[in-house]
Amino acid sequence: MWRRAPGQMSWRSYSHKGATSRFPTKFNPVRSASNPKIQLPKGKLVYNPAPSAPNPYNTPAAFLPKDSSRKVKYDDKAYSVEDMPLLQPEPSKKYHLTEEDVIKIQELRNSDPEKWTRRALAKEFNCSEFFISLASEPRQDQKEEMDRRLQVIKSLWTENRARERRNRQRRRELWLRDGY
């Protein structure tokens, strides 16, 4: 039926998969092969460490002497939020811009909106972009350009995304109607 190729001495065949290790279970196969329930000694503490080199940092506190330096010492006092340090200092608001500065911001933004963006003005006057948006508005042609770009982006949305955006807008309107 099967013929060997010329010069071939033998076939290599696999009759079974190679020997695999036992599936790990919580039972010891030698001690409890016939006993499906583990019999723990009553009233005693059982400690079965991992089969590796002993490490003093992994020893449970129950097995350490009372005066061991490896025991973690906890303070007895309760911690409160007032005692904890701040992760970041509280930002201090700056009210350093005068009325002349606000007029200058409006003039710069209207003169060259490509150069004097909100970010550039905020950096120039050392304030937030949000303040720049409150102090000045973009020109009408710039607003129309931004609206046109937004319409191009919206035209690329899938139907699902457009529906979700409409639903989100509707929820906002309902929230505002309920809240006021």
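Using UniProt numbering, you'd call the opening residue of the sequence shown number 1 and step up by one each time.
Glycine residues also receive a C-beta, built at the ideal position from the N, C-alpha and C atoms.
No experiment lies behind these values; they were computed from the predicted model shown.
Looking from the CA of residue 122, the closest CA among 102, 140, 111 and 141 belongs to 102. Assignment of residue 166 by DSSP, reduced to helix, strand and coil, places it in the helix class. CA-to-CA, the gap between residue 174 and residue 91 works out to about 34 angstroms. Along the length of the segment 45-114, whole alpha helix (DSSP H) runs at least 4 residues long occupy 99-111, reported in chain order.
Annotation: the continuous alpha helix (DSSP H) that includes residue 124 extends over 118-125. A direct Cα-Cα distance of roughly 12 angstroms separates residue 135 from residue 100. Between the alpha carbons of residue 43 and residue 82 lies a distance of about 44 angstroms.
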